[in-house]
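**Q** Sending over a structure as structure tokens; questions will come in a sec.
4 protein chains.
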Amino acid sequence: MVGIAVLGCGRIGRLHARNLARHPRARLTAVFDVVADAAHKTATELDVPVAPSLDSVWSDAEVTAVLIATPTDTHVPLITAAVAAGKAVFCEKPVDLDLGRARACWSDIRRKNPQVMLGFNRRFDPSFQALRARLQAGEVGALELAIITSRDPAPPPASYIRTSGGLFRDMTIHDFDMARYLAGDITHVHAFGANLVDQEIGKLNDIDTCTVSLRSRAGALVQISNSRRCAYGYDQRIEVFGSGGMLLAGNRRATAVESWSAQRTAAQDPVLDFFLERYAQAYEAELDAFVSAVETGAPVSPDFGDGLEALRLAAAADESVRTAKVIELS
Amino acid sequence: MVGIAVLGCGRIGRLHARNLARHPRARLTAVFDVVADAAHKTATELDVPVAPSLDSVWSDAEVTAVLIATPTDTHVPLITAAVAAGKAVFCEKPVDLDLGRARACWSDIRRKNPQVMLGFNRRFDPSFQALRARLQAGEVGALELAIITSRDPAPPPASYIRTSGGLFRDMTIHDFDMARYLAGDITHVHAFGANLVDQEIGKLNDIDTCTVSLRSRAGALVQISNSRRCAYGYDQRIEVFGSGGMLLAGNRRATAVESWSAQRTAAQDPVLDFFLERYAQAYEAELDAFVSAVETGAPVSPDFGDGLEALRLAAAADESVRTAKVIELS
Amino acid sequence: MVGIAVLGCGRIGRLHARNLARHPRARLTAVFDVVADAAHKTATELDVPVAPSLDSVWSDAEVTAVLIATPTDTHVPLITAAVAAGKAVFCEKPVDLDLGRARACWSDIRRKNPQVMLGFNRRFDPSFQALRARLQAGEVGALELAIITSRDPAPPPASYIRTSGGLFRDMTIHDFDMARYLAGDITHVHAFGANLVDQEIGKLNDIDTCTVSLRSRAGALVQISNSRRCAYGYDQRIEVFGSGGMLLAGNRRATAVESWSAQRTAAQDPVLDFFLERYAQAYEAELDAFVSAVETGAPVSPDFGDGLEALRLAAAADESVRTAKVIELS
Amino acid sequence: MVGIAVLGCGRIGRLHARNLARHPRARLTAVFDVVADAAHKTATELDVPVAPSLDSVWSDAEVTAVLIATPTDTHVPLITAAVAAGKAVFCEKPVDLDLGRARACWSDIRRKNPQVMLGFNRRFDPSFQALRARLQAGEVGALELAIITSRDPAPPPASYIRTSGGLFRDMTIHDFDMARYLAGDITHVHAFGANLVDQEIGKLNDIDTCTVSLRSRAGALVQISNSRRCAYGYDQRIEVFGSGGMLLAGNRRATAVESWSAQRTAAQDPVLDFFLERYAQAYEAELDAFVSAVETGAPVSPDFGDGLEALRLAAAADESVRTAKVIELS
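Residue numbers (my numbering), protein chains in the order written: chain U, 1 to 330; chain S, 1001 to 1330; chain B, 2001 to 2330; chain F, 3001 to 3330.
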């Protein structure tokens, strides 16, 4: 059994804690949150202790690994401390909003060859995983075009936007990682941003709608489109195209019912909404992959470097919007 | 050019006349209808003469074939006269409402080996034709189960029902023919009828909803379901199943647009409605097959015998409803 | 916590035991099987005791309910004993292969007003449940036609067939229950059976393919088609039709990937296969419904009477095949 | 009847000539081609005269309009001559490969307020037309994102590429027009090009794969992706997204058959391929719109200005690829 403490008991931390609590080869040793109420609520639900302090976590020999689901600006110090304490780490995305700070963290810790896995959950979605496996197996030939669609059901409140790092670092970051997952290294970035959904977002100098074009080192072209609002639910689709044809991975629905009426035919349910539902299987699978890696000492994937690369693409997208140029990455 | 006169200028006669008028290898020589207005309207539209009488049609050497789209009770005398005059015949279904009368007609004329093609248009629908070709080619193995769905958009008026011969002879007859087209000879018939759509139909001792089960000589089982009313349009579907899997032939729509909204996703247009639209290609193709057969003297298909067999199944279905038994056909 | 012992540790018993073991409001108190190895294997996996005898189960005050997943011929004595011991019962279908024996059991125990729930798992499938709820809510008007498709991936071995009670009691019984779930009381039954899949099944005087037509007391018509073999997986579909249109509940797939190639487009995965996968959610939901009923003392559904009715329809189907008649139920 | 002469009897000229020959309110007066054989072949097929010279067309009082389907470099002189002769013009896209030359032509002729319609056939596709009508009617709110997918089945030969003007002017031009049709005026253009399909194309300094991002004056973002090769046929799709949801217009197939087998389920036919099949209805509808405009003297749409705008976007895309910048249009 791999002993794991969960740091951060917000929505996503609680989800991970629940998944760990029922994982057959993991043991949820404790939960921690600076908001004591949040920690106690999760601890009570799952019948585990609240860690009295972070130090108690670092010094607990039963804790082999920590899962970091705290606010973004604490990721770097927590990762650093956890690695110093010899713990394996699973950290929610993004590593940090500042690429320089994230890089500095990595250069501090990498000589220890630590296991630091990043929570790019979409890599573990069964449909996206199957699509990628079939792409890698050559079913459509070498990748030429990838189209990534990602739209959230509704914009977050202004308070969230304010500390989010902006659309590219907060939302598109998943799509940047997906682009790398499918197409490998990215060399060129172009982005358009727009404020079409919520004027409050514009007032905060953020955007809520974007299109991104990427070129991969291998020559493939990738298109991303994002919106912070989607009437029909959480729209998550991927299309890959090559000489042999195309693979699509579409949305999922709660039931397989369709209705035929005088107005319309073959109408299906709204799509699963929101990420907790849509990626429920992915969240379980990524933890399982992490537990397995900790058990065997094998490299984790996606790792800290993947987190850095996604962040680098987000920064390039910001720069592209600002300069109206294509940003070339070395 | 094959000279063809059209007898009967109602809705379906006019359709055939239009198709013949633009067929590259046919010539519409004249139209005829006992309702002079109907004949003139069609003649004017297509710039062809009105035949002054049926005799003028039979004696016209330019008329190689006639297309009979008159009321059902005139089919037998018109077929008989046309064959006597040496004409090839395309006749709308059904041959007659009375199986005995239809058989007598056939035994009168068959020694002349006439070309009498029946208007079972669905055999010429591109989807159903492709499904059958793939079935025959062995794509799903030998047929084990066939499911035929046929639902009309709205019930006809009582005046139509009164002379229609009842649901099985008027509407299901197409499905009986489709069953034979897919499964070959039928040996056993069971039917349930119900009056669920329109009470007027029940008052006329007719049904508007039915389920039929058939067993073929080769051992396959066939299910038919019919309704005289369908909110979402003219529902026309076929499913065939064997050891290798299943083929489905579905409905067609005017556009490929689908809508995604807060209420529902992937909603498509209503289906093409009614038979003039849904089977527009089939009506052209069946005439083309007829013209080709007349040109070459080859046997027509479906022929008078197919018309008799469909009628026999309709009569058996009526008997099954009446007796609550399975009707075995020799 | 509701204490529940599982009797029978075959494939389906083990599934239920696992679901109970992780149910938040149930406690798996013990497992039992006359095959000691099977009991021990499940007990070890789930860390629960093996009950030394059935008597120990009946006398255990911690056991509020039993789940019966033993061979069919033991259902009646076990239900009887469990009810006598004051236990609530969840029993796999069918109640018994013999309608008379099942009725006798029910008339023995019903005066005690026992909670005996039948394992008609499909009633708890999210898609079928949503379809029925929307039907009941009037979305398509009163039910006029229901089409139930049920095809197993592959025929069971002869040894299974020999004691199965035949296709109607073993396989179609689920569809008979679904027909009642959707259409209510059934008054007329017609069935065709065929031996098209496996000659061994025919040698055992059983059938492997069937079509069934039912008429409900309310006037709706229902069609069922079954095959013991289906190349593309476990085919489970329902279609309901009324004046307002149609609802379909289709198959489920492991991923939402589709492929487009030179040969074909929009090709999806095979369907989920077999019942353990397809109905995984349904198995959990039916146990949850049972636990809730035991907690509150509310009536269970589906109950013993539903088990009897499904059996009665199976017997009528057998009789219809034998007599080539429609069987009318009082 | 509107008398129309067809100039150019290649593949697309012949198609238009055939459509005019059977149009109820147009009369195909003559055909012309500098390749006499091509002209005679079409003339014979359609039983119309070959015009002896262009001058004979200009001076023919029966010729109210001309349809120009000649090589691109002749469009400008032919349009100029036709307008000078007082004819209405239907011209295939593009107006010219050189934006300056096209503009000069327009500034020469526009004072005459001529009817010059451009052959952007996709505006007349029933699915795209319905999608746009529903978009305009507000079904999804104001346009925020549009995704245009256009992939040809196979790359043209090098000889064609050499005089094509490059991917953007030859192929993407249709998508540029579609972007304007959906999103109105475009103000910003970014493009990536790649040579992934055919090395011969690269040797000619052309690209065969691209992604384009556009921003409209109203603020919408548009993505286009193109490939010169598509294994599954002629892929033509549009997606529009706004606050109310999404509309998709997909591909069309010859039949509605789908197959279910051990390998895959719900597999459909390849898509209609190539433009003559996919846009057969659109070609008829655009000519009908032209004939109607000529009859009434109403403005044509799309007109010469639309041709200029599409060309301007193509030029901007070329410039964006060359400079790695976003091109802003005044």
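Glycine residues also receive a C-beta, built at the ideal position from the N, C-alpha and C atoms.
(1) Quick check on the DSSP output: the alpha helix (DSSP H) that includes Cys1105(S) runs from which residue to which?
(2) I want to know whether the stretch 3169-3188 of chain F touches the stretch 3214-3234 of chain F - three or more CB-CB distances under 8 Å.
(3) For Ile2207(B), name the three-state secondary structure that DSSP assigns.
(4) Considering Val3083(F), what are the terminal residues of the beta strand (DSSP E) in which it resides?
(5) Between the stretch 191-207 of chain U and the stretch 82-96 of chain U, can you find at least three pairs of beta-carbon atoms closer than 8 Å?
(6) Would you kindly check if the distance between the Cβ of Phe3304(F) and the Cβ of Trp3106(F) is under 9 Å?
(7) Buried or exposed for Pro302(U), please, with buried defined as at least 16 other CB atoms from any protein chain shown within 10 angstroms of its CB.
(8) How many angstroms separate the CA atom of Gly2325(B) from the CA atom of Asn2251(B)?
(9) Quick check on this structure: which residue in Val257(U), Phe274(U), Phe275(U) and Leu276(U) has the alpha carbon closest to the alpha carbon of Ala267(U)?
(10) Could you tell me which whole beta strand (DSSP E) segments of length 3 or greater appear in the stretch 3212-3243 of chain F?
(11) Out of curiosity, what's the CA-to-CA distance linking Lys2203(B) and Ala2317(B)?
(12) Determine which residues of the stretch 1256-1270 of chain S have a Cβ less than 9 Å from any Cβ of chain U, and write them out in chain order.
(13) Which whole-angstrom value describes the C-beta separation of Phe274(U) and Tyr234(U), a residue pair presumed to lie in contact below a C-beta threshold of 8 Å?
(14) What residues from chain F crowd round Ala2183(B), counting only those whose CB sits closer than 8 Å?
(15) Are there 16 or more other CB atoms within 10 angstroms of the CB of Thr2163(B), so buried, or fewer, so exposed?
(16) On a Cα-Cα basis, can you pick out the residue from Ala254(U), Arg253(U) and Ile238(U) that is closest to Leu247(U)?
(17) For a quick check, are the C-beta atoms of Ile2004(B) and Val2063(B) less than 9 Å apart?
(18) Taking only the alpha-carbon atoms, compute the straight-line gap between Gly86(U) and Ile201(U) and give it to the nearest angstrom.
(19) Within 9 Å (strictly less), CB to CB, does Gly3244(F) reach chain U?
(20) Please confirm whether Ala3231(F) has its beta-carbon closer than 9 Å to some beta-carbon of chain A.
(21) Determine the closest residue to Arg278(U) out of Val294(U), Asp152(U) and Gly245(U), with distance taken between C-alpha atoms.
(22) Looking at the secondary structure, which residues open and close the alpha helix (DSSP H) in which Phe2090(B) lies?
(23) Quick one: list the residues of chain U neighbouring Glu2139(B), beta-carbon separation under 9 Å, in chain order.
(24) Taking Leu145(U) as the query, report the chain F residues whose CB atoms sit under 8 Å from its CB, ordered along the chain.
(25) Taking only three categories from DSSP, how would you classify Arg3122(F)?
(26) Please specify which runs of the beta strand (DSSP E), each continuous and at least 3 residues long, are wholly inside the stretch 2237-2305 of chain B, giving them in chain order.
(27) So, does the CB of Gly2219(B) fall closer than 9 Å to a CB anywhere in chain S?
(28) Going by beta carbon distance, what residues of the same chain come within less than 6 Å of Val321(U), once the five residues before and after it are set aside?
(29) Based on the DSSP output, what are the partners of Leu2067(B) in its beta bridges?
(30) For Arg2151(B), report the span of its beta strand (DSSP E) as first-last.
(31) I believe Leu272(U) touches Ala285(U) by the beta-carbon criterion, under 8 Å. Please report the beta-carbon distance rounded to the nearest angstrom.
(32) What three-state label does DSSP hand Val1189(S) in the structure shown?
(33) Which of helix, strand or coil does DSSP assign to Thr1163(S)?
(34) Can you give me the C-alpha to C-alpha distance between Pro1370(S) and Arg1111(S), rounded to a whole angstrom?
(35) Report buried or exposed for Glu3144(F), applying the criterion of at least 16 other Cβ atoms within 10 angstroms of its Cβ.
(36) Between the Cα of His1174(S) and those of Leu1046(S), Asp1269(S) and Leu1311(S), spot the shortest distance and give me the residue it belongs to.
**A** Put simply:
(1) Within the second sequence, residue 1105(S) is the residue found at index 105, counting from 1. It spans Leu1099 to Ile1109 - the alpha helix (DSSP H) in which Cys1105(S) sits, taken as one unbroken run.
(2) yes
(3) Taking the third sequence and counting its residues from 1, one reaches residue 2207(B) at position 207. Ile2207(B) falls in the coil class under three-state DSSP.
(4) Within the fourth sequence, the letter at position 83 stands for residue 3083(F). Careful: Val3083(F) lies outside any beta strand (DSSP E), inside the alpha helix (DSSP H) at His3075 to Ala3084.
(5) no
(6) Here the question's residue 3106(F) lines up with position 106 in the fourth sequence. Here the question's residue 3304(F) lines up with position 304 in the fourth sequence. Result yes, Cβ atoms of Trp3106(F) and Phe3304(F) sit closer than 9 Å.
(7) Reading the first sequence from its first residue, position 302 is the one you call residue 302(U). So Pro302(U) ends up on the buried side.
(8) Locating residue 2325(B) in the third sequence gives position 325, where the first residue counts as 1. Locating residue 2251(B) in the third sequence gives position 251, where the first residue counts as 1. The question names Gly, but residue 2325(B) in the sequence shown is Lys. Rounded to the nearest angstrom, the two C-alpha atoms are 33 Å apart.
(9) One-based indexing of the first sequence puts residue 267(U) at position 267. Answer by Cα proximity: Val257(U).
(10) 3221-3227 and 3235-3242
(11) Sequence index remark: in the third sequence, residue 2203(B) carries index 203 (1-based). Sequence index remark: in the third sequence, residue 2317(B) carries index 317 (1-based). Cα to Cα, Lys2203(B) sits roughly 20 Å from Ala2317(B).
(12) Glu1258, Ser1259, Trp1260, Ser1261, Ala1262, Gln1263, Arg1264, Thr1265, Ala1266, Ala1267, Gln1268, Asp1269 and Pro1270
(13) One-based indexing of the first sequence puts residue 274(U) at position 274. One-based indexing of the first sequence puts residue 234(U) at position 234. With a Cβ gap of about 5 Å, Phe274(U) and Tyr234(U) count as contacting.
(14) Stepping through the third sequence from its first residue, residue 2183(B) is reached at position 183. Per Cβ cutoff of 8 Å: no residues; Ala2183(B) is ~27 Å from chain F at best.
(15) Your numbering for residue 2163(B) matches position 163 in the third sequence. The residue in question, Thr2163(B), is exposed, as its Cβ has fewer than 16 Cβ neighbours within 10 Å.
(16) Walking along the first sequence from the start, residue 247(U) turns up at place 247. It is Ile238(U).
(17) Taking the first residue of the third sequence as position 1, residue 2004(B) is located at position 4. Taking the first residue of the third sequence as position 1, residue 2063(B) is located at position 63. Yes, these two residues count as a Cβ contact at 9 Å.
(18) If you number the first sequence from 1, residue 86(U) lands on position 86. If you number the first sequence from 1, residue 201(U) lands on position 201. Cα to Cα, the separation comes out at about 41 Å.
(19) Looking up residue 3244(F) in the fourth sequence gives position 244. Output row for Gly3244(F): interface = yes.
(20) Among the protein chains in the structure shown, which are U, S, B and F, there is no chain A.
(21) Position 278 of the first sequence holds residue 278(U). Comparing Cα-Cα distances from Arg278(U) to each of Val294(U), Asp152(U) and Gly245(U), the minimum goes to Asp152(U).
(22) Taking the third sequence and counting its residues from 1, the one referred to as residue 2090(B) is at position 90. Careful: Phe2090(B) lies outside any alpha helix (DSSP H), inside the beta strand (DSSP E) at Ala2088 to Cys2091.
(23) In the third sequence, residue 2139(B) corresponds to position 139, counting from 1. Those are Ser259 and Ser261, listed as they occur along chain U.
(24) Within the first sequence, numbered from 1, the residue matching residue 145(U) stands at position 145. By Cβ distance, chain F contributes Thr3209, Thr3211, Ser3225 and Ser3227.
(25) Translated into the one-based positions of the fourth sequence, residue 3122(F) becomes position 122. Arg3122(F) falls in the helix class under three-state DSSP.
(26) 2245-2249 and 2257-2260
(27) Counted from its first residue, the third sequence places residue 2219(B) at position 219. Answer yes: the Cβ-Cβ gap between Gly2219(B) and chain S drops below 9 Å somewhere.
(28) To locate residue 321(U), count along the first sequence from 1; it is residue 321. Closer than 6 Å at the Cβ level, and outside the excluded window around Val321(U), lie Ala191 and Gly193.
(29) Against the third sequence, residue 2067(B) aligns to sequence position 67. Partner(s): Val2006(B) and Phe2090(B).
(30) Indexing the third sequence from 1 puts residue 2151(B) at position 151. Note, Arg2151(B): beta strand (DSSP E), Leu2143 to Arg2151.
(31) Within the first sequence, the letter at position 272 stands for residue 272(U). Within the first sequence, the letter at position 285 stands for residue 285(U). The Cβ separation is near 16 Å, so there is no contact.
(32) Taking the second sequence and counting its residues from 1, one reaches residue 1189(S) at position 189. Here Val1189(S) sits in strand by DSSP.
(33) The count along the second sequence starts at 1 and reaches residue 1163(S) at position 163. Coil, per DSSP.
(34) This structure gives no information on residue 1370(S), because the portion of chain S shown stretches from 1001 to 1330.
(35) Translated into positions along the fourth sequence, residue 3144(F) becomes position 144. Its Cβ being crowded by 16 or more others within 10 Å, Glu3144(F) is buried.
(36) In the second sequence, the residue the question calls residue 1174(S) occupies position 174. For the residues Leu1046(S), Asp1269(S) and Leu1311(S), the minimum Cα distance to His1174(S) belongs to Leu1311(S).
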